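Keeping their order, the protein sequence lines are chains A and B.
At position 251 of the first sequence (counting the first as 1) the number is 251 in the numbering used here, and the numbers step up by one without a gap.
Positions in the second sequence are counted from 1; adding 401 to them yields the numbering used here.
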Amino acid sequence: MVEQPLSDVRILDLTWYISGPNCTKLFADYGADVIKVERSGEGDPARRMGPFYQDDPHPEKSGLFLYLNTNKRSITLNLKTETGKRILKDLAEDADILVENFNPHVMPSLGLDYETLEKINPKLVMTSISNFGQTGPYRDFKASELIIYGMGGAMCTTGVGDCEPVKKGMNVIQYQGGTMAATATMIALYAARAQGIGQYVDVSLMESQMGSIDRRMSELLAYEYNGELTPRMDIAGLLQYPYGIFPCADGYVDVAGGFMFLNRIEKVLKMPLMERYGGVNQFDVERREEFFADIWYPWIMERTRREIVEACQEGRVMSGPINTTEDLLREPQFQERGFWAEIDHPVVGKLTCPGMPAISAELPWEIRRPAPLLGEHNEEVYASLGYTREDLMKLREGGII
Amino acid sequence: MAKLPLEGIRVVGMTQMWAGPTAEMHLADWGAEVIKVESLHYLAVGTRGPAPRHPKFAVDFVKGGYAAYLKEGYDEVNGRPWNRSSMFNVHGRNKLSCTVDPVKPRGKEIIKQLVQVSDVFIESNQPGVMENLGLTYDVIQEWNPKIIMVSMSGFGQTGPLKYYRALGAHQEDFLGHTYLRGYVDRDVTANSAIYHGDEASGTAAPFIIVMALHQRNKTGKGMFIDISQAEATMTQLGEAILDYTMNQRITERTGNRDLYGAVQGCYRCQGEDRWVNITIRNDKEWEGFCRALGNPEWTREERFSDTLKRCHNHDELDRRIEEWTSQHDHFKAMYTLQKEGVAAGPVEHPDDAYNDPQMKDRGFFEEVTHSECGTHRYPGLPYRMSKTPNHFRRPPVRLGEHNEYVYKEILKVSDEEYAELEREGHIGMDLVPDLEIGKYKAE
């Protein structure tokens with residue numbers, strides 16, 4: 001049995017909410033020992049964010065927290081006390097990586113900035129994730145999922161022209177910042193191991209969008225090249241023979257036909273089209289509407305997503321069913337590849353969740369333990385630092401853990 | 402002086418579109434020698450521009466959006482449109498490019514020699530392409546048992562969707578993202594096609610690859626890695642999926658509204674198509690918001706007096722907020738609100754982004770001179786490291802720009818043989834014009 005690739009890596013995890021925990025989750029699921037440091041009493045605020053198991057807003061039942069914190073150990077620690085800071089420094093001495101996503105002023109104000117920690121552990125990789133980065137005029141500005149996408153990402157061209165710009169789904173912008181931070185941290189860890197140098201990694205969520213490929217970087221460069229701003233354009237606005245998302249018998253389906261591929265659409269529909277529409281270009285509104293009314297809608301409204309997608313595949317036209325999460329869980333593709341993972345949690349029981357981001361026999365991915373209960377690993381972690389049960393009692397009474 | 406983290410690692414890339422090239426970009430940025438292996442006979446759609454053959458009308462027609470060609474200075478006779486595409490030049494920095502015709506036996510021999518002196522071999526073609534070329538892992542590992550081979554396709558190398566024809570937008574449909582985004586009061590047809598999977602999987606892949614290098618340092622073994630772009634992207638939709646597995650509830654889209662009960666929206670500002678996003682999470686931020694507006698009468702109405710009431714009357718509140726924002730510039734609205742502790746930020750068009758004070762202060766955009774495109778500002782590196790600081794070391798790579806280096810210095814090809822390879826259509830800097838567009842097919 002191959003050992004997990006990151007079983008030799010220890011991470012001191014001061015993160016909360018979404019981006020930071022997603023970064024350390026990638027490491028934890030590949031074997032890193034991640035010690036999650038939470039505030040006593042409340043813990044990570046993600047524990048209070050839904051969806052909750054059976055809609056019970058209990059700190060151990062948040063789906064968001066349960067997903068993002070698999071394979072981590074939780075300790076509680078009050079970083080505002082001198083003892084708390086000392087304990088954190090003790091833990092940093094043995095860590096390969098420290099990740100935090102507080103506001104930029106927090107770590108320096110606690111006396112836990114990189115310059116201080118570097119003296120304790122010169123090989124430490126410290127990664128800070130923040131909304132706008134550790135420097136600059138926006139450093140202390142507040143933000144949200146929506147605001148980061150609007151400023152950094154391609155929001156200005158997402159949506160339809162007669163409406164406001166619209167964001168992506170759920171919290172993917174913060175997740176993406178976490179994935180970006182994981183890549184940056186992994187690269188820095190590689191240098192730490194190869195060259196013996198620790199360093200400070202500064203990840204800005206705004207830049208993680210400004211430097212992301214989903215149209216943003218390309219749109220920026222297209223503007224720099226030709227000076228043209230792009231309007232928001234819905235898919236149907238491309239005015240092509242069938243190109244866009246359409247209603248069908250059991251929901252919606254996405255079909256990327258296009259007038260250039262009329263011969264392929266012929267094969268999909270099993271109808272002669274070239275004769276009628278062969279010479280028509282995309283701007284001929286009358287003929288296009290005739291095509292949709294006489295041919296396309298009658299055909300598509302009678303068929304299910306599955307039937308349409310299969311017909312498109314046969315005709316070599318790209319397409320996709322608009323799946324809900326329920327449909328997604330039923331897709332044979334992901335079941336057959338063993339993508340779904342199972343968590344067995346002491347409070348909520350067995351749960352299915354997204355699994356490994358890559359398949360390789362040499363890179364085993366595993367749920368070794370569910371997300372931790374708040375402070376679940378206080379005893380074992382503090383014992384490893386030499387604290388006795390009596391010491392822990394005192395720390396607890398002192399409001400430190 | 403520390404070396405760049407990945408110096409000494411050599412990566413061979415046969416990637417297309419965006420996801421694979423994004424992975425290469427991260428590795429190249431941090432010091433790996435990334436050699437793109439391209440063909441003078443075939444460029445996949447969307448790789449070095451939206452069209453595979455880059456006809457003149459395409460160069461003229463496509464100039465906005467994300468799939469533009471640089472128009473200025475384009476010369477139909479000598480110009481090489483495949484070196485002028487925003488789709489490629491945006492991630493092409495710090496990489497090298499050599500050309501080879503992988504369809505010919507001699508081309509395959511060249512790829513073999515490159516694989517033998519490399520650490521990572523990455524491809525992002527539709528499954529079937531590498532099989533046709535005879536470049537599957539069982540062949541590659543015989544050439545170099547220590548190689549790390551990465552395949553990243555839409556749905557992965559196994560399963561009923563293995564050969565599924567799809568763009569990023571269609572992966573989004575399958576994995577539920579299309580359903581989860583867009584307007585609440587309009588159906589799912591009213592939206593733009595997006596390609597979140599390209600950035601999600603393209604950013605996760607370099608994490609996996611560097612981790613694989615770390616593992617190889619311990620085990621001494623090469624490996625095959627199968628990345629399904631769809632699966633790597635689904636890991637970013639955890640809570641929506643858990644709501645179904647925990648509660649059998651299908652998550653619906655919320656538009657620009659907050660998922661956790663804040664007042665939130667995107668509001669029209671002064672100017673053409675200018676907007677500001679605002680998020681008001683609690684009473685304290687609400688008070689700040691009211692102060693920023695000068696405490697107008699309506700903010701004291703009973704129906705806006707606590708978080709719950711504000712959420713219940715969100716539509717009416719939106720109308721009031723927009724009355725204020727529509728009288729302000731989108732950046733001015735941000736400064737006014739942030740000063741009072743309210744989260745707000747403009748929706749930045751590209752012209753806003755290049756002028757953004759934060760981006761300027763951080764030096765995000767970098768000015769680079771490209772021998773065919775001239776001097777332009779490019780989006781820069783998305784994260785910083787203190788001891789191995791880094792910038793653009795090379796401009797976006799031109800097709801076949803490093804043939805001499807790759808063939809003569811790495812593969813030790815003689816001048817005579819080099820000339821022969823040029824004649825055979827392996828080496829060059831111009832697409833071979835008279836060949837049909839088609840998929841790779843090995844002879």
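In this text, a Cβ means the ideal position worked out from N, Cα and C, and glycines have one as well.
Quick caveat, the model's predicted, so the values are computed rather than measured.
Bounding residues of the alpha helix (DSSP H) (the contiguous stretch that carries N22/A): Residue numbering aside, residue 22/A sits at position 22 when the first sequence is read from its first letter. Unbroken alpha helix (DSSP H) run through N22/A: 19-29.
DSSP three-state assignment for R337/A, whether helix, strand or coil: Counting from one through the first sequence, the residue named residue 337/A turns up at place 337. Looking at R337/A - three-state DSSP - the assignment turns out to be coil, as it is neither helix nor strand.
Helix, strand or coil at E837/B according to DSSP, with G and I counted as helix: One-based indexing of the second sequence puts residue 837/B at position 436. Residue placement at E837/B cannot be trusted, given a pLDDT of 48 that sits under 50; the coordinates are not used to answer.
One or two residues paired with F65/A in a DSSP bridge: Mapped onto the first sequence, residue 65/A falls at position 65. In the DSSP assignment, F65/A forms no beta bridge with any residue.
Neighbouring residues, chain E, relative to L64/A (Cβ below 8 Å): Absence of chain E from the displayed structure is noted, the protein chains being A and B.
Contacts that P137/A makes with chain B (C-beta to C-beta distance below 7 Å): Working through the first sequence from its first residue, we reach residue 137/A at position 137. Neighbourhood of P137/A in chain B, by CB distance below 7 Å: P758, Q759, D762, in chain order.
H792/B in three-state terms, based on DSSP: For the purposes of this step, residue 792/B is taken as residue 391 along the second sequence, with counting starting at 1. Under the three-state reduction of DSSP, H792/B is assigned to coil, being neither helix nor strand.
Those runs of the alpha helix (DSSP H) which lie wholly inside the region 283-364 of chain A and span at least 4 residues: When DSSP assignments are scanned along the region 283-364 of chain A, the uninterrupted stretches of alpha helix (DSSP H) that are 4 or more residues long and fall wholly within it turn out to be 285-290, 297-301, 305-314, 325-330, 332-336.
Burial state of F556/B, where buried means 16 or more other Cβ atoms lie within 10 Å: For this step, residue 556/B is matched to residue 155 along the second sequence. Buried is the call here.
Interface partners of K404/B on chain A, CB under 7 Å: Numbered from its first residue, the second sequence carries residue 404/B at position 3. In chain order: Q195.
Three-way DSSP call (helix, strand, coil) for E844/B in this model: Residue numbering aside, residue 844/B sits at position 443 when the second sequence is read from its first letter. With a pLDDT of only 40 at E844/B, under 50, the local geometry of the prediction cannot be trusted, and no value is derived from it.
8 Å CB neighbourhood of C312/A in its chain, flanking five on each side removed: Stepping through the first sequence from its first residue, residue 312/A is reached at position 312. Cβ neighbours of C312/A beyond the five flanking positions: V255, V268, M318, S319.
A468/B versus R449/B: straight-line alpha-carbon distance, rounded: Within the second sequence, the letter at position 67 stands for residue 468/B. Within the second sequence, the letter at position 48 stands for residue 449/B. One C-alpha to the other measures close to 9 Å.
Proximity to L373/A [Cα-Cα], best of K36/A, L26/A, L392/A, L220/A: Within the first sequence, residue 373/A is the residue found at index 373, counting from 1. If we check each option's Cα against that of L373/A, K36/A comes out closest.
N- and C-terminal bounds of the alpha helix (DSSP H) containing Q630/B: Position 229 of the second sequence holds residue 630/B. 630-635 is the extent of the alpha helix (DSSP H) around Q630/B.
Minimum Cβ-Cβ distance from K840/B to chain A less than 8 Å: Against the second sequence, residue 840/B aligns to sequence position 439. Residue confidence for K840/B is low, a pLDDT of 46 falling below 50, so the modelled location carries little weight and cannot support an answer.
N- and C-terminal bounds of the beta strand (DSSP E) containing G775/B: Locating residue 775/B in the second sequence gives position 374, where the first residue counts as 1. Annotation for G775/B: the continuous beta strand (DSSP E) segment containing it runs 775-779.
Buried or exposed by the 16-neighbour rule on C-beta atoms within 10 Å, applied to K270/A: If you number the first sequence from 1, residue 270/A lands on position 270. With fewer than 16 other Cβ atoms within 10 Å, it is exposed.
Residue from R316/A, V348/A, W296/A whose Cα sits closest to the Cα of R566/B: Numbered from its first residue, the second sequence carries residue 566/B at position 165. Sorting R316/A, V348/A, W296/A by C-alpha distance to the C-alpha of R566/B places R316/A at the top.
Alpha carbon of I838/B to alpha carbon of M418/B, nearest angstrom: Here residue 838/B refers to the residue found at position 437 of the second sequence. Here residue 418/B refers to the residue found at position 17 of the second sequence. Here the model assigns I838/B a pLDDT of 46, short of 50, so the residue's position is not dependable, and the following value carries that caveat. Cα atoms of I838/B and M418/B: separation of roughly 16 Å, rounded to the nearest angstrom.
Other residues of its chain near Q134/A: CB distance less than 7 Å, five sequence neighbours each side excluded: Working through the first sequence from its first residue, we reach residue 134/A at position 134. Excluding residues within five positions, the ones whose Cβ falls inside 7 Å are P104, S128, D202.
Residues bridged to H771/B (per DSSP): For the purposes of this step, residue 771/B is taken as the residue at position 370 of the second sequence. The secondary-structure analysis by DSSP pairs H771/B across a beta bridge with G775/B.
Cutoff 8 Å: A843/B Cβ touching any chain A Cβ: Locating residue 843/B in the second sequence gives position 442, where the first residue counts as 1. At A843/B, the pLDDT of 46 sits below 50, so the modelled position is not reliable and the matter cannot be decided from this model.
Min CB distance M531/B to chain A below 8 Å: Residue mapping note: residue 531/B aligns to position 130 of the second sequence, counting from 1. Not one chain A Cβ lies under 8 Å of M531/B.
Runs of alpha helix (DSSP H) lying entirely within the region 116-162 of chain A, each at least 4 residues, in chain order: Complete alpha helix (DSSP H) runs here, min 4: 145-152.
Below-8 Å beta-carbon distance, S144/A vs any chain B residue: Stepping through the first sequence from its first residue, residue 144/A is reached at position 144. Yes, its Cβ sits closer than 8 Å to a Cβ of chain B.
Identity of the residue in V435/B, T646/B, V664/B, H731/B nearest D719/B by Cα: Translated into positions along the second sequence, residue 719/B becomes position 318. Ranking V435/B, T646/B, V664/B, H731/B by Cα distance to D719/B puts V664/B first.
Span separating the alpha-carbon of L98/A from that of L124/A: Locating residue 98/A in the first sequence gives position 98, where the first residue counts as 1. Locating residue 124/A in the first sequence gives position 124, where the first residue counts as 1. It is roughly 7 Å from the alpha-carbon of L98/A to the alpha-carbon of L124/A.
For G251/A: DSSP bridge partner residues: For the purposes of this step, residue 251/A is taken as the residue at position 251 of the first sequence. Paired residues: C248/A.
Local conformation of M170/A per DSSP, three classes: Residue numbering aside, residue 170/A sits at position 170 when the first sequence is read from its first letter. Looking at M170/A - three-state DSSP - the assignment turns out to be coil, as it is neither helix nor strand.
As assigned by DSSP and simplified to three states, the class of A744/B: As a working mapping, residue 744/B is identified with position 343 in the second sequence. For A744/B, the three-state secondary structure derived from DSSP is strand.
Buried versus exposed call for D520/B [16 or more other C-beta atoms within 10 Å across all chains shown]: On the second sequence, position 119 is the one that residue 520/B refers to. Taking a 10 Å sphere around the C-beta of D520/B, we find 16 or more other C-beta atoms and assign the residue as buried.
Residue ranges of each alpha helix (DSSP H) within the region 672-728 of chain B, 4 or longer: Correct list: 684-693, 708-713, 715-726.
Contact the region 154-166 of chain A vs the region 573-586 of chain B: 3+ CB pairs below 8 Å: Using a C-beta cut-off of 8 Å, the region 154-166 of chain A makes contact with the region 573-586 of chain B, since at least three inter-stretch Cβ pairs fall below that distance.
Start-to-end residues for the alpha helix (DSSP H) that takes in L497/B: Counting from 1 along the second sequence, the entry for residue 497/B is found at position 96. Unbroken run through L497/B is the beta strand (DSSP E), 497-500; no alpha helix (DSSP H).
Nonlocal neighbours in the same chain, by C-beta distance under 6 Å from P122/A, ignoring five residues either side: The sequence position of residue 122/A within the first sequence is 122, counting from 1. So the list reads G198, once near-sequence residues are dropped.
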